[in-house]
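Visitor:
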Amino acid sequence: MDASHTADAPSPVVPQIRTLLLCDLTESTRLVERVGDRHAAELMRRHDQLVRHLLQQHAGREIDKSDGFLALFEHPVQAVAFALDYQRELRALGNAEGWPISARVGIHVGDVLLWENTPAEIARGAKPLNVEGLAKPVAARLMQLALPGQILLSGVAYSLASRAESPTLPERVSWCTHGRYRFKGVPAPMLVHEVGEPGLAPLRAPVSGDKAWRDVPLWRRPAVLGAQLVGLLAVAAIVAMATLRTPDAIAFRERDWVVVGSLNNLTGDPRFEGALETALRISLEQSRHVNVLPDLRVRDALQRMGLQPDAGVDRDVGSEIALREGARALLLPTVAEIGGRVRVSLEVVDPNSRSTVFAQSYDGVGGSSVFSSINAASAELRARLGEALRSIEQSAEPVEKATSSSLEALRAYTLANRAMTLGRLGDAHRHFDQALRLDPDFALARIGLARVHFARGEDTPALEQVRRSAGLSERLSARERLYVDAWLATLEGGQDHLGMWRALADLYPDFHPAALNVALFGWYANRFAEAAVYAERASVPQSAVRAHALYLLGTARLALGEVDGALTAFDEANTLGSAGRGIAEAAAYAVSDRFDAALRALNRDEASSVLAARGRRLMSIAILASQGRWGEAKEQAAALGRAALAADSSDDWLAAAATLAVLRAVDGDAAEAGWAREIARRGLGLLRDGEPADREGTAMATLIACRFLLQAGETQCARQAVEAARPVAARASLQHLGDMVAIVSAQLLLADGQAEQALRAVSERLTGFESWLVHAQLAEVHAASGQPTQALQEIDWLTRHRGWAYAERGLDYALLVENALASRTARLRAAEIALSAGERDRARHYLRGFEQDLPTLSGANALEERVGALRAAVN
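Going left to right, the sequence shown walks through residues 1222 to 2096 as our numbering numbers them.
1. Output needed for A1746: all residues of its chain with C-beta closer than 8 Å, excluding positions within five of it in sequence on either side, in chain order.
2. Kindly list the residues whose CB is nearer than 6 Å to the CB of E2085, restricted to its own chain and excluding five residues on each side of it in sequence; keep chain order.
3. Roughly how many angstroms lie between the CA atoms of V2038 and Q1848, to the nearest whole one?
4. With F1294 and C1244 assumed to form a contact (beta carbons below 8 Å), what rounded beta-carbon distance in angstroms separates them?
5. Who are C1244's beta bridge partners in DSSP?
6. Apart from the five residues just before and just after S1760, which ones in its own chain have a Cβ nearer than 7 Å to its Cβ?
7. Going by other Cβ atoms of all chains shown within 10 Å of its Cβ, with 16 needed for buried, is I1844 buried or exposed?
8. Just tell me which of S1593, V1479, P1515, Q1763 has its CA closest to the CA of M1641.
9. Taking only the alpha-carbon atoms, compute the straight-line gap between R1403 and S1375 and give it to the nearest angstrom.
10. Express the C-alpha separation of V1330 and P1349 in angstroms, rounding to a whole number.
11. For L1697, I'd like the list of residues in its chain whose CB is within less than 6 Å of its CB, leaving aside the five on either flank, ordered along the chain.
12. At 3 residues or longer, and completely inside the stretch 1299-1349: list those beta strand (DSSP E) runs for me, N to C.
13. List the residues that DSSP assigns as beta-bridge partners of A1433.
14. My parser needs the alpha helix (DSSP H) runs of 4 or more residues fully inside the stretch 1913-1976; what are they?
15. Quick check on DSSP: helix, strand or coil for T1499?
16. So the candidates are F1675, I1343, A1809; which of them puts its Cα closest to the Cα of E1783?
17. Between the Cα of L2049 and those of Q2008, A2035, A2000, Y2027, spot the shortest distance and give me the residue it belongs to.
18. If I follow the unbroken alpha helix (DSSP H) through A1765, where does it start and stop?
19. Can you list, in chain order, the stretches of the alpha helix (DSSP H) that have 4 or more residues and sit fully within the stretch 1784-1863?
20. Between the Cα of I2016 and those of Y2027, G1786, W1993, D1731, spot the shortest distance and give me the residue it belongs to.
21. Please name the residue in D1521, A1600, A1409, Y2027 whose C-alpha comes closest to that of G1803.
22. Any idea if I1238 is buried or exposed, counting beta-carbon neighbours within 10 angstroms, 16 or more meaning buried?
23. On the DSSP bridge assignment, give the partners of M1176 in chain order.
24. Under the three-state reduction of DSSP, which class applies to E1751: helix, strand or coil?
25. With a 10 Å radius around its C-beta and 16 neighbouring C-beta atoms as the bar for buried, classify S2044 as buried or exposed.
26. Give the straight-line distance between the Cα atoms of A1724 and Q1615, rounded to the nearest whole angstrom.
27. Bridge partners of W1203, per DSSP?
28. Checking 7 Å against the spacing of the C-beta atoms, do S1871 and A1922 come in under that value?
29. I'd like the list of long-range same chain contacts for A1946, defined as Cβ closer than 6 Å, with 5 residues on each side in sequence excluded.
30. Given the structure, does T1577 come close to the ligand FAD, in the sense that its CB is under 6 Å from one of the ligand's heavy atoms?
31. Classify L1665 as helix, strand or coil using the three-state DSSP reduction.
32. With DSSP as the reference, identify every bridge partner of W1478, one or two as the case may be.
33. Could you tell me if W1478 is buried or exposed, where buried requires 16 or more neighbouring beta carbons within 10 angstroms of its beta carbon?
34. At which residues does the alpha helix (DSSP H) containing F1579 begin and terminate?
35. Helix, strand or coil for Q1237? Go by DSSP, reduced to three states.
36. What is the residue span of the beta strand (DSSP E) that L1390 lies within?
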């Protein structure tokens, strides 16, 4: 046989198992009609170049082409990687062209028949490689079923691809199961799955059509059932329905939620009660694919259903909770002793039908074997719900390592968390202590104890527990290690602690405590827009911290000037029983001049910590002064001053110093000079010669007191305070102390006639997150520099941002009273500046605005004198 004859001989037909991918551009005809033949041809040329480049990149082979392509791959994960890149590039191409371009993709693995065509046949128009077999129409049916932009896979392709490791897959990929479908020309129904990137892919079940339709059992199709079973006996119909019914499938998507039901404990051993549910929760919570509905949300749902919050969560109750809370599945754990072995079983229930989708059991010897059973059950469940094997292997710490190998300790930890969710801090403390006595290396219990201390405002013991948790990092999951690191940076005053919380919240978008802390510490740092975004993320219905998140959302909205939105968030938090909400809610009412409602909100419930109690007293003084109740405001301020002189606590000094603005408004700059001087003397002594426990609080109290004296003409104290506070501010985690250093420095520079340097000192603090009072000082600097226009612009900013003034927490509410009063007197200062610039009409306008801002001046002697002088000048 000569060479030419060999080349022209047909190649043998070889049956092989291969991955087939079919893709097709959607609405390609409409695209041609829209852009015209020439432009469409150019687009198709660019599309084909893109596909062939990606095929080469992912080791695929082009088989055929029309509007789309038929391609062959060795491995399903290669086809998936190609399809994901293809959809992403199509989106970019469409964005560049100004109209959407998308494609449908179907991927199937099966037996195919392959043969190479001869050169002569290729020259006559044949394809180089022929592919035939049932796998080809199956891939085509999947492609036709897909929605625009959707990638559908058969069960075999999904099973192999989702568990394969490939560096070419994007970091965030969602795998979904959409249930069984029947395809025209294919004898048996098939499970249909989807893969896609969140935000790009539809990630929802495709719609049935003529060539592919959802496999709905006859009992779910009454019209068809009636047409086919007319005349049959009822018993025969029931038997037929039972016979024909197919198992339900859960269309689970990445980050969907599951409900963990109550343990069915058939052993009689009380150690398993609560402990196994907690172990299952913690094991599953390591996943970024599966979310577990928090216990607090389950208890809330039970109460809304009219049940006791500790009622059992069985199949019916759990399914109802899942439907109410938007969860996709209910998990029912069981533990039993069978033949001397301990069996842990896990049932996965579809809440819509209340039927079991699948169940699994694991046996072990002895009570401690339940941990390995939970590990195995969790890994199997995560895989069944679509999580990639690589992800499971990377984030599946054994539950006994991530918690405790002691069932008794785990049960105590469970009881502690339940007490924590109910706000019973004392009970939570006792149970966490019990867990740690049983297992001193139980790192999660130490984190819990730190949370108790932090909720009480006890930062030092909280830090001690966090440090001990950090020393047990091998006993924590990857997520909890990041959680501990973020707490450690926060309590140690790390300047990037907010960034650490943000990174944790973004890495685990449904770990709501992390998002809550971004909102909390964002509020502390005056990052109100960011705080609002993360508070909203943490306030979804599934969040265990929803009430607290709504409170922070309201606070951030108030600071952003959205008073009505703030009150709406506070109202919603109230319905959920949020504790400690009074200060910011009262601020929102005060900004709206609803002072009675403000005081009612402030006094609605008990403060949760010493700091909260102090904040309430300062807000009370601010509200009293804002509505013109000067005598009561001064009396409360004086009480704080007396307490400060009787104490050696920087906290008391700071609270007292915060009220000096009221005394200045009532009695003038020289009022209570002795009290302020004593706070300044003690603070300076500690900053220069001692080591106060709270250096930032001591420095702030000293600066405020010396600033009060500076306004009375005493400069030496202020110079010493700036010198002592500046190095403390340089190391502070928040900006407020540095802002106050700049404010006092600017006032000293103005006193020395150095207006330009004063302007530079204050302007350097303008970051967008500065203290509200920085703008008040900037107005004074502009006024002293002969720049009335700029000064009035700053004052206009102050009046537009009154919500910011009242909502700013700063350093332990140190600037709250002065912020409130400065926001109320801003137009009075504007009138004085306008008058000094010779603008009497404008001064008169500002004066009228001030008279609306402060209801009465009776008793505020210093303010009355200023107003009297203005009235005489402008009338």
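Backbone N, C-alpha and C define an ideal beta-carbon position, used for all residues, glycine too.
Nothing here was measured: the structure is a model prediction, and the numbers come from that model.
Guide: Answer, in terms of the structure:
1. L1719, L1955, Q1956, F1990
2. L2078
3. 13 Å
4. So it is not a contact: roughly 12 Å between Cβ atoms.
5. F1290, V1326
6. R1767, A1770, L1771, L1774
7. buried
8. P1515
9. 12 Å
10. 21 Å
11. A1664
12. 1324-1337
13. F1404
14. 1916-1932, 1937-1952, 1957-1972
15. helix
16. A1809
17. A2000
18. Segment: none, A1765 is in no alpha helix (DSSP H) and carries neither H nor E.
19. 1784-1796, 1803-1812, 1816-1823, 1831-1847
20. W1993
21. Y2027
22. exposed
23. Nothing can be reported for residue 1176: it is not among the residues displayed for the chain, which extend from 1222 to 2096.
24. helix
25. buried
26. 19 Å
27. Nothing about residue 1203 can be read from this structure; the chain reaches only from 1222 to 2096.
28. yes
29. A1920, L1924, V1962
30. The ligand FAD is absent from the structure shown, which contains no ligand whatsoever.
31. helix
32. N1512
33. buried
34. It is not in any alpha helix (DSSP H) - F1579 instead sits in the beta strand (DSSP E) that spans 1576-1585.
35. strand
36. No beta strand (DSSP E) holds L1390; DSSP gives it neither H nor E.
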